[in-house]
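First the structure, in the form of C-alpha cells, and then the observations on it.
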Amino acid sequence: MVICKGMTVSEVSSIPELSSDHNPVLFEVSLDNFTSPALSTRAFPNWSKFQTILTSTLPGNPKISNTNDIDNAIQNFNSIFKNAFNNSSTFKSINKPLSCIPSVIREKIKIKNRLCKDWQDSKYPPYKTQLNKLQKDVKKDLKNFHSAQWDKTLSEVSSDDDSLFKIVKTHSNKNNTLHIPPIVGPMGLHYSTEDKVNLFADYLENSFQENPEPYDDDFIERVEEKVENFMHRNSRRHTAPLTSPQEIMEIILNSPNKKAPGKDGIKNIALKSLPLNAITYIKKIFNRSLQFNYFPTDWKHAQVTVIPKKGKETKFEKNYRPISLISSLAKILKNFTHHCDRNHIIPDKQHGFRLQTSTQHQLLRVSYKIIFQLT
Numbered sequence: 000m001v002i003c004k005g006m007t008v009s010e011v012s013s014i015p016e017l018s019s020d021h022n023p024v025l026f027e028v029s030l031d032n033f034t035s036p037a038l039s040t041r042a043f044p045n046w047s048k049f050q051t052i053l054t055s056t057l058p059g060n061p062k063i064s065n066t067n068d069i070d071n072a073i074q075n076f077n078s079i080f081k082n083a084f085n086n087s088s089t090f091k092s093i094n095k096p097l098s099c100i101p102s103v104i105r106e107k108i109k110i111k112n113r114l115c116k117d118w119q120d121s122k123y124p125p126y127k128t129q130l131n132k133l134q135k136d137v138k139k140d141l142k143n144f145h146s147a148q149w150d151k152t153l154s155e156v157s158s159d160d161d162s163l164f165k166i167v168k169t170h171s172n173k174n175n176t177l178h179i180p181p182i183v184g185p186m187g188l189h190y191s192t193e194d195k196v197n198l199f200a201d202y203l204e205n206s207f208q209e210n211p212e213p214y215d216d217d218f219i220e221r222v223e224e225k226v227e228n229f230m231h232r233n234s235r236r237h238t239a240p241l242t243s244p245q246e247i248m249e250i251i252l253n254s255p256n257k258k259a260p261g262k263d264g265i266k267n268i269a270l271k272s273l274p275l276n277a278i279t280y281i282k283k284i285f286n287r288s289l290q291f292n293y294f295p296t297d298w299k300h301a302q303v304t305v306i307p308k309k310g311k312e313t314k315f316e317k318n319y320r321p322i323s324l325i326s327s328l329a330k331i332l333k334n335f336t337h338h339c340d341r342n343h344i345i346p347d348k349q350h351g352f353r354l355q356t357s358t359q360h361q362l363l364r365v366s367y368k369i370i371f372q373l374t
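Okay, so the sequence shown: first residue is 0 according to numbering that gives the first Met the number 0, each after it adds one.
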C-alpha cells in the first residue's frame, strides 16, 4: 500500500532480489499532471500607475451596436483591467513560519508511539501505565513550548507598525475558517477536494432546474400572448433615459470595499481608482444594455461557494447553502433598477427585484383588488 498526494502512481511491481521472504515493492510515480501547491501571495497595487496604464490602453468610447458588441466590450475591459492591475502591482509571498518542535519533545513522541503500538499488540498493563504517563508529559511539554513561542511573539510586537493589527486580525478570523468534512455520496464517504466539488456541483445542478410547466398548454399560450401584447403597448425602449458617469461613480464610491468579487476578480476598491475614460467605457456598456434590454452574458456567471446550514449535519451536501458571487459591475448595473424607478421605466405593478418591495406586496395588491371587487 502507498499513500500519495498530488501525484499518480503509474506502475507497481514486486522485486524478488532479496534472500528473505519479503520482497520490496517498487512504485513508479508519474509527474506529468503534477502541480505544486500555489503559494499564498498578496498584491500591493500602485494606484497611480494603475490609472496611467488604463488611461493609455482603454478607449473611452467603445463601438457598441449590438448585444455581441456588449459582451466583447466586457471581455476587453476585463483583459485590459487585469493587465493594468498586474503591471502596476507588486506581489509578496506570504510564508507562514513553521513551528519547529524541539528534538527532546520529538523523541518523547517517538517513544510514546512505540509504547502505543506495543500496548495494542500485547495488552500488557505496565505498557498502558507508561503510555498514559508519557502522553501527559508530551501534552504538558507541547503546551509549555507553544506558550513560550506565544510570549516571544508578543514581546516582539510594536505599536509603531502594523504587527499588533496582524496578530489581532489573524486570531479573530480563526473561527471563521470553513472546513468541509468528508461528504457522503453515492459511493460512500468522499475525502478529496475534487470529489467534494463534484458532489456539490451535481447537487446544485439538480437544484437549479426550471419548475415543470403545468399541463394546460392553452392557458400558457394565452398568458404568453397577453404578456407580449402588454409589453408591446407599454414599451418605452426608445425613450429610456440613459445614465451618466457621475451616477455610476456615485454608486461605485458608496460600494463597500470588502465585498467579495465575482468570477472576474474585480474588487470595489479597484473600481474606485478607475480613471475617467474607464468610467465612460462602463457608461457606454450600461447605456447600451438598457437600450437593448439586455443583461450581458459574462455578468450572468457567478462563482458559487457553500456554507453549512445552522444545526444541520455537515456530511450531507444538501445541508449547505450556496452563495453566488457575481461581478461587482453586474451589481452596479442591477442598482440601475433605482434609476429606472425614478424615471418610471419599470411598470408600477412590478414588485419583484425592486427596492423595499417583494412578491408579497404583489399578492397583497391582488388580494385587495379581489376584496374591493367583491364588496
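Cβ coordinates follow ideal geometry from the N, Cα and C atoms, glycine included.
Glu437 classed as buried or exposed, judged by whether at least 16 other C-beta atoms fall within 10 angstroms: Summary: the structure shown does not reach residue 437, with the chain confined to residues 0 through 374, and so no result is reported for it.
Beta-carbon gap between Ala72 and Ile331 smaller than 7 Å: no
Whole-angstrom C-beta distance between Asp297 and Asp70, which should lie under 8 Å: 6 Å
One or two residues paired with Thr279 in a DSSP bridge: The partner list for Thr279 (beta bridge, DSSP) is empty, contrary to what the question assumes.
Backbone secondary structure at His21 - three-state DSSP: coil
For Pro125, the three-state DSSP class (helix, strand or coil): helix
Three-state secondary structure (DSSP) of Gln355: coil
Residue ranges of each beta strand (DSSP E) within the segment 201-232, 3 or longer: none
Own chain partners of Ile52 with C-beta closer than 7 Å, once the 5 adjacent residues on each side are dropped: Ala83, Asn86, Ser87
Range covered by the alpha helix (DSSP H) that runs through Gln74: 66-86
Val303 and Pro274 closer than 7 Å at C-beta: no
C-alpha distance - Ser326 paired with Leu25, whole-angstrom precision: 50 Å
His350 versus Lys195 - alpha carbon distance: 38 Å
Pro58 versus Phe76, Lys116, Arg41, residue with shortest Cα-Cα distance: Phe76
Distance between Thr313 and Ala329 (C-alpha atoms, nearest Å): 32 Å
Cβ-based burial, Phe294 [other Cβ within 10 Å; buried from 16]: exposed
Close-in-space but distant-in-sequence residues of the same chain around Thr66 (CB under 7 Å, 5 per side omitted): Phe291, Tyr293
Exposure of Pro124, with buried meaning 16 or more beta-carbon neighbours within 10 Å: exposed
Beta-carbon proximity of Lys107 to Val137, cut-off 7 Å: yes
Unbroken alpha helix (DSSP H) run spanning Ser47, endpoints: 46-56
Spatially closest choice to Ser288 from Leu270, Tyr319, Phe335, by CA coordinates: Phe335
Contact check, Ile179 vs His189, beta carbons under 7 Å: no
Range covered by the alpha helix (DSSP H) that runs through Leu393: There is simply no residue 393 to check, as the chain begins at 0 and stops at 374 in what is shown.
Proximity of Val365 and Phe199 at Cβ, strictly below 7 Å: no
Unbroken alpha helix (DSSP H) run spanning Ser327, endpoints: 327-333
Asn276 and Leu241 closer than 7 Å at C-beta: no
The ligand SAM heavy atom lying under 6 Å from the CB of Val28: No copy of the ligand SAM occurs in the structure displayed, which carries no ligand at all.
Residue burial classification, Ala42 (beta-carbon count within 10 angstroms, cutoff 16): exposed
Alpha carbon of Glu155 to alpha carbon of Ser243, nearest angstrom: 52 Å
Rounded C-alpha distance that separates Leu203 from Asn197: 10 Å
Simplified DSSP state of Phe291, which is helix, strand or coil: coil
Bridge-paired residues (DSSP) for Pro307: Tyr319
Ile179, enclosing beta strand (DSSP E) - first and last residue: Note, Ile179: premise wrong, no beta strand (DSSP E); not H, not E.
Whole-number beta carbon distance between Leu130 and Trp118, since they are thought to touch under 8 Å: 6 Å
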